[in-house]
Amino acid sequence: EDKVVQSPLSLVVHEGDTVTLNCSYEVTNFRSLLWYKQEKKAPTFLFMLTSSGIEKKSGRLSSILDKKELFSILNITATQTGDSAIYLCAVHGSGNTGKLIFGQGTTLQVKP
Amino acid sequence: EADIYQTPRYLVIGTGKKITLECSQTMGHDKMYWYQQDPGMELHLIHYSYGVNSTEKGDLSSESTVSRIRTEHFPLTLESARPSHTSQYLCASSDHGSYGSYEQYFGPGTRLTVT
């Protein structure tokens, strides 16, 4: 059965800290891994990763994929209170359906 | 910015009522999805559609039904709402994409409470 597991489930840090969020997966016919940020309502897209070892970067956020070890990490440097959210990892697996399998999310709280 | 809309945003309704949650997208995407998400829990796929007149049940069993008569519209219906249906319902869409490019765009969600 396909599954995506995120860790930690929750994290509390102070502004300025650096955090690393983990996502491991077991998916048939892996196609891509996506990271989303969910604040109060709908998830918003952060990154899509398809190739191992190529870092994607957007401001203070970066992510990398390891297809051999079946995991990805999302790094946030110099955290701000606005980074407080649930970070979702999702994997697009077998078939051409576009269906995503979501992890349970990591809840990040950044304190001033 | 993604153009995907859901109405209503919030709904409180009594047990036994029939409700339809609306979802529309203006991006011409073929694929659309409905997810159910309880507070603090992961998203569970309950329905998806490859295109017009094509719908499939998702990984989580749901008593709801969907239809896809037009590309841009993917409504979800509960014939008889129950308190167990209380949840947040998120609609998403994606295009064909090349290999691996199935980014899903999410609507703002409908928070449903059945009393």
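Protein chains in written order, with this note's numbering: chain A, 26 to 137; chain B, 26 to 140. For every residue, glycine included, the Cβ atom is placed at its ideal position computed from N, Cα and C. The structure displayed is predicted, hence computed values, not measured ones.
Where in the region 71 to 126 of chain B do unbroken runs of the beta strand (DSSP E), each at least 3 residues long, occur, reported from the N-terminal end onward? 79 to 82, 101 to 103 and 112 to 119
Can you name the residues of chain A whose CB is closer than 8 angstroms to the CB of S79(B)? Those do not exist, as S79(B) stays about 11 angstroms from chain A at its closest Cβ, beyond 8 angstroms.
Per DSSP, what kind of secondary structure is D63(B) in: helix, strand or coil? It is coil, neither helix nor strand.
When DSSP labels each residue in this structure, what does T140(B) get in the three-state scheme? coil
Do Q31(A) and G118(A) come within 8 angstroms of each other at the CB atom, strictly closer than that value? no
Residue range of the unbroken beta strand (DSSP E) whose run includes N54(A): Unbroken run through N54(A): none, as it is neither H nor E.
With a threshold of 8 angstroms between beta-carbons, can F131(B) be considered close to chain A, or not? By the rule that beta-carbons nearer than 8 angstroms mark a contact, F131(B) touches chain A.
Could you name the residues of chain A that S119(B) contacts, counting a contact when the two beta carbons are closer than 8 angstroms? G123
Assuming Q62(B) contacts L68(B) under a Cβ cut-off of 8 angstroms, what Cβ separation, rounded to an integer in Å, is found between them? 5 angstroms
Cα-Cα separation, L103(B) to S87(B): 9 angstroms
Should the region 83 to 98 of chain A be called in touch with the region 36 to 52 of chain B, which here means at least 3 C-beta pairs below 8 angstroms? no
Using a Cβ-Cβ cut-off of 8 angstroms, state whether P33(A) counts as contacting chain B. no
Since M73(A) is in the beta strand (DSSP E), which residue starts that stretch and which ends it? Here the beta strand (DSSP E) through M73(A) covers P68 to L74.
Own chain partners of L59(A) with C-beta closer than 6 angstroms, once the 5 adjacent residues on each side are dropped: M73 and A115
Any idea if R56(A) is buried or exposed, counting beta-carbon neighbours within 10 angstroms, 16 or more meaning buried? buried
Which same chain residues end up closer than 7 angstroms to Q105(A) when comparing Cβ atoms and leaving out the 5 residues on each side of it in sequence? E40 and V135
Cβ of S89(B) within 8 angstroms of Cβ of T80(B)? Going by beta carbons, S89(B) and T80(B) fall outside the 8 angstroms limit.
Do A67(A) and P33(B) have their C-beta atoms within less than 8 angstroms of each other? no
On a CA-only basis, which of W59(B), D55(B) and G65(B) is nearest N78(B)? Give me that one, please. D55(B)
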